[in-house]
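In my numbering, the protein residues as written are 12 to 341. For glycine and all other residues, C-beta sits at the position ideal for the given N, C-alpha and C. Here is the structure we will look at.
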């Protein structure tokens, strides 16, 4: 082994001497620093060029291998329960279409993960609140982890219905009113502000009050009995003598007179927490928050309800002055 190494070093030494002699002939000037500098620069450039060319050829070689020519597949990590339901599969299909992972995409594309993340984060996609991670695995699977916007309520505007999350961000889609039935979500009706573009906040005070109330009712035992929140009379804009907000129940033509929006009672009505406690008490005692009656009002007392006569426009702020009101303790 040693003689072979010595021969190799001797060959390289003789080659270097020959090149040096060709660049700096023996009979030439003793000092030519500019030539030495030029030689060094040229050598460095040649090495850089050769290295780059070699890597480019190697990359082409690797990319052309069959294992890197296989189609890529999208896989979602840590999906929330509601997105794992078969009925919501269309949402994941829509997200996959927005990514547009095609036949030309390859595993070794250094920009692939970034492009997918950018595509999913576009406001027009709507369903994605935040892209946490996109990873291209060696087996051709592209894994994506996101925080999703979950539908919190339906909003009816005109003859159409729209979905919003708990922050009132509009979600994709425009639906018929019948589409909202049987979904398990509460519908907010009566907003006067038209819907924004998908992915943008629906900036309306009446809708904000309605969605906030929907969120407060979300985990209550009687939640399944509430079908809609009416904000037509928000801030008494239609009739100051009537409740600002009403709840519709799954009993035909039954309402719960809720009153002022949550956090806006200002001492004139029980707080939202007190009203919910009262409704829970009614649910335990009667099995229904509307007590099987046309109207139940929780706007006046924290421990009892008023039941106005049907179709009577009365001022619930002073129920004792009006006939036809029966009080029941919760």
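If you reduce the DSSP assignment to three classes, tell me which class residue 152 lands in. strand
C-alpha distance - residue 274 paired with residue 267, whole-angstrom precision: 18 Å
If you reduce the DSSP assignment to three classes, tell me which class residue 252 lands in. coil
Spell out the partners DSSP gives residue 172 in its beta bridges. 167, 186
From which residue to which residue does the alpha helix (DSSP H) around residue 284 run? 283 to 297
Could you tell me whether the region 181 to 198 touches the region 111 to 131, using the rule of 3 or more Cβ pairs below 8 Å? no
Same chain only: Cβ atoms within 6 Å of residue 137, ignoring 5 sequence neighbours per side: 182, 183, 209, 210
So which of 170, 235, 147, 98 has the shortest CA-CA distance to residue 82? 147
Determine the DSSP secondary structure at residue 265, reduced to helix, strand or coil. coil
Look at the Cβ atom of residue 300, then the Cβ atom of residue 222, and state whether they are nearer than 9 Å. no
May I have the straight-line CA-CA distance separating residue 113 from residue 143, to the nearest angstrom? 22 Å
Bridge-paired residues (DSSP) for residue 237: 260
Can you give me the C-alpha to C-alpha distance between residue 241 and residue 306, rounded to a whole angstrom? 14 Å
Beta-carbon proximity list for residue 171, same chain, < 6 Å, skipping 5 on both sides: 185
Alpha carbon of residue 180 to alpha carbon of residue 199, nearest angstrom: 14 Å
Whole-Å CB distance - residue 201 paired with residue 243, under 8 Å assumed: 3 Å
Helix, strand or coil at residue 93 according to DSSP, with G and I counted as helix: helix
Sequence-distant residues of its chain with Cβ nearer than 6 Å to residue 281 (five each side left out): 313
Which of helix, strand or coil does DSSP assign to residue 222? helix
Tell me the DSSP bridge mates of residue 200? 167, 241
I need the straight-line Cα distance from residue 89 to residue 156, nearest angstrom please. 7 Å
N- and C-terminal bounds of the alpha helix (DSSP H) containing residue 110: 100 to 110
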